[in-house]
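Note that the sequence shown covers residues -22 to -1, 1 to 677 in mature numbering (1 follows the signal peptide of the UniProt record, and there is no 0).
All C-beta atoms, glycine included, are put in the ideal place defined by N, C-alpha and C.
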Amino acid sequence: MVRVWFSRVSAFALAISLGTAAAAQSDEQVEADSAPGDDIVVIGESATTATKTDTPIIETPQAISVVPSELYLDRGARNIQETLRYSAGVTAEPFGLDSRSDGSLVRGLNPVEYLDGMRRIFNYIVLPRIDVETLDRVEVLRGPASVLYGQGANGGIVNMVSKRPEFTPLGGEVKLQYGSFDRKQASIDIGGQLNAEGNFAGRLVALVRDAGAQTDFVRDDRVVLAPSFAWRPGPDTEIALLGTYQRDRGASTQQFLPVAASLNASGNRRLDISTFLGDPDKDRLDADQYTMTLLAQHRFSDTIMFRTSLRFLDGDTFFQEIYPDSYTNPQDPFIDADDRVVNRFIYATQQHVETLTSDTNLQFDFATGPFVHKLLAGIDYTDFRQRSKSGSGLTTPIDVYDPVSTGVEDAPLFDDPYQVNTQLGFYLQDQIRYADRVTLVVGVRRDRAVSRTGSDPQRVDEATTFRAGLIGEIGGGVSPYVSYSEAFLPVAGFNFGGEAFVPQRGRQYEAGVKFQPMRGVLLTASVFDIEETNRPINDPDNVLNLIQTGRIKSRGIELEGSYVVPGDVTLTAAFSHNEVEVTESSFAPEVGVQLSDTPKTLASLWAAKTFALTPEVALELGGGVRHVGETLSTGTTGSLVTPSYTLADALASVAWRDWTLSINATNLFDKEYFAPCRAFGDCFTGNGRSVVGTLAFRF
């Protein structure tokens, strides 16, 4: 691995870089316009980037919803999907309880997963899910953002920002957890200055988990080790090195229950959401990942700032699942007279991936007459390589109402085509301020993406994307805005025929109003219109295959608000109505109707209040409600509607000196629901009630 690292870095030395993660932080929501590499922190009414320039929230025409770790942990989030449950326009768990990935929908479309401003997932692969204890915050950039981030999907970007060393006195926190499904977890987060001069800092986040899952026989075990170091050789320079190792051992929690035995079943014919239809000895999801990230920045003068970063990722996964044949005959999958036994499939894949991502930019701050500029020029590069084997077929049947698995043999594995995807991008963006009331943001980007699958000739795609936004304050904290943005997203991978996927493309028009009457309050209303082409979807004729549909329109409205008084009150609310229509497709039945598995309506409300019981004891109580609207699924045999659901969460926490004891309950009333069921014949179970107690000690 070391030889690969140095040879690939030297080969692409021109593009070694990564702009420090574009990230925003607020008590719940930030709207900020940031270029790749900007690390945004909200202070009062301003957003301060890593370049030390302030960008007031009310001056920015790009929407970013941000959930700090303190808030998502208060809400009981255990993974990335759960951190987004209260964010506007986000279907956080579109396929319910699913240990394979952290997929979500933003404005009805798929976002791209980023870590520290760099794309992390490039293919339909299974990598370890990033642990929430290693993160400082999670952000959602809604809508196309190729000029901003390069490889941006039409749904936007979900960007996770890692915890980093801080130049403060040494300190930290130790946590012990116990909860539902025999969840046992211990973690430590320690860091601070490492020398007397105060120019070296370090941090270590470590975690061990031994846990079951809602699904019978499925484990959720994890080990994480994330050391990081930072060095400030002078007042204008900072260099940080972040490393991670993660080891996950488990299996798929999603069992693809037959619709006939779940949503469309009645009484004792409906399977419990904990039902396991695989094989305890054969189902596996074992994933290991190593990453090394370099972040550096240097200010040459008051007008020029340089930022560069680089990450190498090495991941190995073995995934095998036995699941019911809910697809051959979706309405009646049973093969016996008593309607109890179904056939089963087995699928297995062994994957090794290596990814090199980099981004470098220069920021120039200057004025031309009455116009104040923040001009950003950059170059980024990505190299993704995958070697994999896979196999699938029929295996032994099972009685779904008395599931005892026998006679299962491992799936034979065969080499898949070797996959190599590279992308080189150049971008230029200018943020122009006039009269301290109006901000214009314009940007352009040029990309060249090369895809090679096996021995096939390489595919080359080139694109130029644009972005423009205008916002102006009209008084009283009210700022209307309009924006236009485009997306170009190379899609790594290939279909069952060995054909490489073509890039997704799209554009968005957005208009809205921001209202910030006082510090700690932010309200946003927006309308949007997105068009997407070349979206990968499940093949109606083969659920294991993916095809790229023609054209999709996503239109909607979003309302989001937050009121935060640190240490006292937190109140957030969100509502969205989103119509996602397929306008062109090779699968005729889906044309003109709502995109499958996409709810039209989302709503949420979260409130928490801290009470001072004594000078040393504080009690925090919180609660939330989440609503997800019904979904439609269109298949070859007709369509299927999955009902809407509304869930409640709760928090109770007591703090005494350096100790905190908290109890979180998600899906408090243990509502059983599906999210969603599909016309293909399968149902995705939702998350049942989970209660977790956490004892934390700060030092």
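Query, Result
"Between the beta-carbon of V84 and the beta-carbon of T61, is there less than 9 Å?", "no"
"Please classify E510 as buried or exposed, where buried requires at least 16 other C-beta atoms within 10 Å of its C-beta.", "buried"
"Give a yes or no on whether the C-beta atoms belonging to G539 and L500 are separated by under 9 Å.", "yes"
"At what residues does the alpha helix (DSSP H) containing V125 begin and finish?", "S124 to Y127"
"Apply the 10 Å Cβ neighbour rule to E440 and answer buried if 16 or more other Cβ atoms are within range, or exposed otherwise.", "exposed"
"On the three-state DSSP scale, how would you describe R247?", "helix"
"Are the beta-carbon atoms belonging to D303 and L203 less than 9 Å from one another?", "no"
"What is the DSSP secondary structure of Q7, reduced to helix, strand or coil?", "Note on Q7: pLDDT 40, under 50, position unreliable in the model; no value is reported."
"Would L113 pass as an interface residue toward chain B - the criterion being a Cβ-Cβ separation below 9 Å?", "No chain B is part of this structure, which consists of one protein chain only."
"Over what stretch of residues does the beta strand (DSSP E) that includes L580 continue unbroken?", "T579 to A590"
"Extract the residue ranges of the alpha helix (DSSP H) inside the segment 587 to 648, only unbroken runs of 4 or more that lie entirely within it.", "none"
"Could you pull the start and end residues of the beta strand (DSSP E) that I135 belongs to?", "G134 to S140"
"By the DSSP assignment, the alpha helix (DSSP H) with Y50 in it spans what residues?", "S47 to D52"
"Suppose contacts are defined by Cβ-Cβ distances below 9 Å. Is T295 in contact with L263 by that definition?", "yes"
"Is P106 near A229, with beta carbons less than 9 Å apart?", "no"
"So the beta strand (DSSP E) Q329 belongs to, where does it begin and stop?", "V319 to T346"
"Looking at G616: is its Cβ nearer than 9 Å to the Cβ of T588?", "no"
"Any idea if E48 is buried or exposed, counting beta-carbon neighbours within 10 angstroms, 16 or more meaning buried?", "exposed"
"Is the segment 333 to 345 touching the segment 354 to 374 in the sense that three or more CB pairs, one from each, lie closer than 8 Å?", "yes"
"May I ask you to report which of helix, strand or coil DSSP gives S564?", "coil"
"Since D660 sits in a beta bridge, which residues does DSSP pair it with?", "P236"
"With S366 and N399 assumed to form a contact (beta carbons below 8 Å), what rounded beta-carbon distance in angstroms separates them?", "The pair is not a contact, with the Cβ atoms about 14 Å apart (cut-off 8 Å)."
"Taking the alpha helix (DSSP H) that residue 699 falls in, what are its first and last residues?", "Coverage of the chain is limited to positions -22 through 677, which leaves residue 699 absent and any answer about it impossible."
"If you pair each beta-carbon of the segment 484 to 491 with each one of the segment 50 to 58, do three or more pairs fall below 8 Å?", "no"
"Does V(-19) pass the burial test, meaning 16 or more other C-beta atoms within 10 Å, or should it be called exposed?", "At V(-19) the pLDDT is 38, less than 50, meaning the model places this residue with poor confidence and gives no usable figure here."
"Measuring only the C-alpha atoms, how far is T614 from Y305?", "11 Å"
"Which same chain residues end up closer than 6 Å to S574 when comparing Cβ atoms and leaving out the 5 residues on each side of it in sequence?", "S611 and T612"
"Exposed or buried, which one is I452 when buried takes at least 16 other CB atoms within 10 Å?", "exposed"
"Per DSSP, N399 is paired with what?", "F362 and S429"
"DSSP three-state label for D188, please.", "strand"
"Check whether the Cβ atoms of D434 and V420 lie closer than 9 Å to each other.", "no"
"Have a look at F290 and A389 and give me their C-alpha separation to the nearest angstrom.", "31 Å"
"Smallest Cα separation from I99: which of T672, T550, D292 and G450?", "D292"
"Would the beta-carbon of A478 fall within 9 Å of that of T527?", "no"
"Is the beta carbon of V118 closer than 9 Å to that of I217?", "no"
"Would you say the segment 126 to 135 touches the segment 149 to 168, given that touching needs at least three Cβ pairs under 8 Å?", "no"
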